[in-house]
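Residue numbers (the numbering used here): 55 to 809. For every residue, glycine included, the Cβ atom is placed at its ideal position computed from N, Cα and C. Below is one structure, written out as structure tokens, with a few remarks after it.
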């Protein structure tokens, strides 16, 4: 997995000097199909990037290094026009000493001096993956991962930097992070600490990012990378609706199945920056980490700062190869360890059936509907709490977590008892990080709120954010869950919402360290969630943030799933779910059948939701008898197919973003290639359009498979050509199936079974 050459005598031609014979240490990290190489140049002991791509054998590397010009040398055309710093492919570039590209690390000393420079001094090889200070654990033992730790120093500042690289043996992923330690005699300020950088020659790359806004999350943007800096970011205190902490550089011909992809994903729940920069010398620098906006961390003598992790993927098999690597890592090593292999419950939510207008009798009736539908759980959403300022709208009550007496005279206990009687579980909505100004909590504890003491308060969705840098606030937020669970131990699920970014950026608790607030807030959140997880390890929780405003994998170490978007229009969800699927496995994405876009059938809405973790947010009494029958049958089908949909590998067959957005299709296939589920949707086909067959992927060419259209409305007959017929995997992947109908807003689900 990790090879080191320390004794090879290599010719290194340094810029501006003569050829010298030096010992150059080369580190090679291998995953099943990729290799990552970096090396140390003697004299300055700089760490330089050599190669990232298809896996190379060890003897190939030694041969290459002996017979080709050293990888750190600027090209002949650039040698007269740039400094060594300006062209050197740094593994972790620093600011202020001649590299005019964007850096990963910036420092200011107490004397006001800028600039820092890291030199390699030593390394260690660690079995498994070390625990990162202040961050949740990621499971990776010595059988699944190997970590390279490089120790670097800047002796002028007294700063040590530990660079971590973890290579996994079961998926094509490398994770990176950095830890900065003050070993000097004075404090200094960190003004930028990114987590990873990749310097390469520009190959006319295109950049893919996932942008959007509320109710329009994670739409795919693809564009050519030009000279200068192209960036996606968030400094809202969370990963945000507008951009996702993901960036990919792809060769111009890259498709779902073919082409080169270099991708980064940030495993962090706060501010981030991801960017690609093309220099005047046609090199490209890809970097990712904490956004430097409002970041300035004072590091006292003996203190350290641990940056979050970046997950890096190289794929030579297009975007599907990238997605498979991300999905395998997150499903095997990150998503909520104790719960990752347990059943994801299908639930029905009361929100669209009642909004804030409900009472005990209405909820009891809806619990009965959950039983009738055949789902696992009833979820009570917003509006059940507060008495001085009852939660009748989003303008008041947030922060006062006691049941509203006139709505629920017998408390939550009546509802959990009714759910148990009906044979379903009970879940509940909370938003414990937030407060309405019109609440008892705000009146008692203004000092717990992130707010300027000398300015008028600015409200986002009529609320403010509690200051989780404060340990007393952490106790309060943990107590929201703990008190409910203590009083009502039959609560089986929490929907944890977060409907506001951080505004009014000031902490009474932090006093003179206001530039620490964004970081300490996220760290405080992790401390709370760690306590919840430790006390209630088998309690599943859904993460919601006005939809996908906090969709990141660091949070998914605590939450079993998240709500991608408040927009449940099934047509829009096809685009939103396609974007999320680039990085997120289906088992993490909640998709509910609702009343949005009644031009679409209940079948179309349900088929879209079944591509993810299925749920319902609909009043069953509003459906016809046939629609109710269909929904009950769909729940049964989904439970049967759940292992393939939630645990299988995803192949995206036809993109909704291609052409004029007429069709889309995706499929999931089991690990043993014996079962697959194919989803196909006609959105708005054109009149007289020629419908091409869809080629399946991931099957075994020599194996025989039966195809069958399923999930039909009562009384409907399969219309798939060749339905119930047996084909070879080669035929299905080469010739394909006629999955599209040409009918507006039509959907099909096809089950593919090995014979």
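Pull up the distance between the alpha-carbon of residue i and that of residue j, whole angstroms please.
{"i": "residue 397", "j": "residue 701", "result": "11 Å"}
{"i": "residue 343", "j": "residue 517", "result": "29 Å"}
{"i": "residue 409", "j": "residue 538", "result": "22 Å"}
{"i": "residue 417", "j": "residue 603", "result": "29 Å"}
{"i": "residue 472", "j": "residue 465", "result": "12 Å"}
{"i": "residue 724", "j": "residue 695", "result": "10 Å"}
{"i": "residue 370", "j": "residue 457", "result": "55 Å"}
{"i": "residue 495", "j": "residue 445", "result": "13 Å"}
{"i": "residue 380", "j": "residue 634", "result": "12 Å"}
{"i": "residue 170", "j": "residue 110", "result": "34 Å"}
{"i": "residue 415", "j": "residue 438", "result": "13 Å"}
{"i": "residue 732", "j": "residue 299", "result": "29 Å"}
{"i": "residue 326", "j": "residue 570", "result": "15 Å"}
{"i": "residue 528", "j": "residue 350", "result": "23 Å"}
{"i": "residue 188", "j": "residue 431", "result": "35 Å"}
{"i": "residue 67", "j": "residue 138", "result": "Residue confidence is low: residue 67 scores 29 on pLDDT, short of 50, so the model does not pin down where it sits. Its coordinate-derived value is still stated next. Those two C-alpha atoms are separated by around 11 Å."}
{"i": "residue 584", "j": "residue 328", "result": "27 Å"}
{"i": "residue 451", "j": "residue 577", "result": "26 Å"}
{"i": "residue 499", "j": "residue 284", "result": "42 Å"}
{"i": "residue 726", "j": "residue 697", "result": "12 Å"}
{"i": "residue 402", "j": "residue 557", "result": "33 Å"}
With a threshold of 16 other CB atoms inside 10 Å of the CB of residue i, please say whether the residue is buried or exposed.
{"i": "residue 223", "result": "exposed"}
{"i": "residue 310", "result": "buried"}
{"i": "residue 779", "result": "exposed"}
{"i": "residue 506", "result": "exposed"}
{"i": "residue 706", "result": "buried"}
{"i": "residue 580", "result": "buried"}
{"i": "residue 605", "result": "buried"}
{"i": "residue 175", "result": "exposed"}
{"i": "residue 714", "result": "exposed"}
{"i": "residue 665", "result": "buried"}
{"i": "residue 530", "result": "buried"}
{"i": "residue 656", "result": "buried"}
{"i": "residue 692", "result": "buried"}
{"i": "residue 710", "result": "buried"}
{"i": "residue 172", "result": "buried"}
{"i": "residue 257", "result": "exposed"}
Do you know whose CA, among the options, lies nearest residue i's CA?
{"i": "residue 671", "options": "809, 732, 404", "result": "404"}
{"i": "residue 272", "options": "440, 632, 623, 794", "result": "632"}
{"i": "residue 269", "options": "798, 592, 553, 642", "result": "553"}
{"i": "residue 253", "options": "534, 656, 680, 339", "result": "339"}
{"i": "residue 544", "options": "722, 468, 510, 300", "result": "468"}
{"i": "residue 281", "options": "333, 473, 504", "result": "333"}
{"i": "residue 237", "options": "711, 355, 487", "result": "355"}
{"i": "residue 79", "options": "104, 87, 88", "result": "104"}
{"i": "residue 347", "options": "709, 638, 291", "result": "291"}
{"i": "residue 613", "options": "622, 587, 638, 601", "result": "587"}
{"i": "residue 699", "options": "450, 575, 805", "result": "805"}
{"i": "residue 792", "options": "638, 777, 524", "result": "777"}
{"i": "residue 389", "options": "490, 519, 595, 514", "result": "595"}
{"i": "residue 90", "options": "107, 102, 100", "result": "107"}
{"i": "residue 447", "options": "337, 493, 316, 214", "result": "493"}
How about residue i and residue j: are their beta carbons less than 8 Å apart?
{"i": "residue 649", "j": "residue 423", "result": "no"}
{"i": "residue 807", "j": "residue 741", "result": "no"}
{"i": "residue 734", "j": "residue 802", "result": "yes"}
{"i": "residue 483", "j": "residue 436", "result": "yes"}
{"i": "residue 221", "j": "residue 241", "result": "no"}
{"i": "residue 668", "j": "residue 400", "result": "yes"}
{"i": "residue 321", "j": "residue 262", "result": "no"}
{"i": "residue 504", "j": "residue 573", "result": "no"}
{"i": "residue 704", "j": "residue 719", "result": "no"}
{"i": "residue 353", "j": "residue 365", "result": "no"}
{"i": "residue 85", "j": "residue 179", "result": "no"}
{"i": "residue 377", "j": "residue 226", "result": "no"}
{"i": "residue 642", "j": "residue 615", "result": "yes"}
{"i": "residue 145", "j": "residue 102", "result": "yes"}
{"i": "residue 367", "j": "residue 330", "result": "no"}
{"i": "residue 141", "j": "residue 288", "result": "no"}
Any 3 or more C-beta pairs closer than 8 Å across the region 675-687 and the region 767-775 = Taking 8 Å as the limit for Cβ pairs, the verdict is that the region 767-775 does touch the region 675-687.
**OP:** Please determine if the region 228-236 and the region 559-578 are in contact, where contact requires at least 3 C-beta pairs separated by less than 8 Å.
**Re:** They do not touch, by the three-pair rule.
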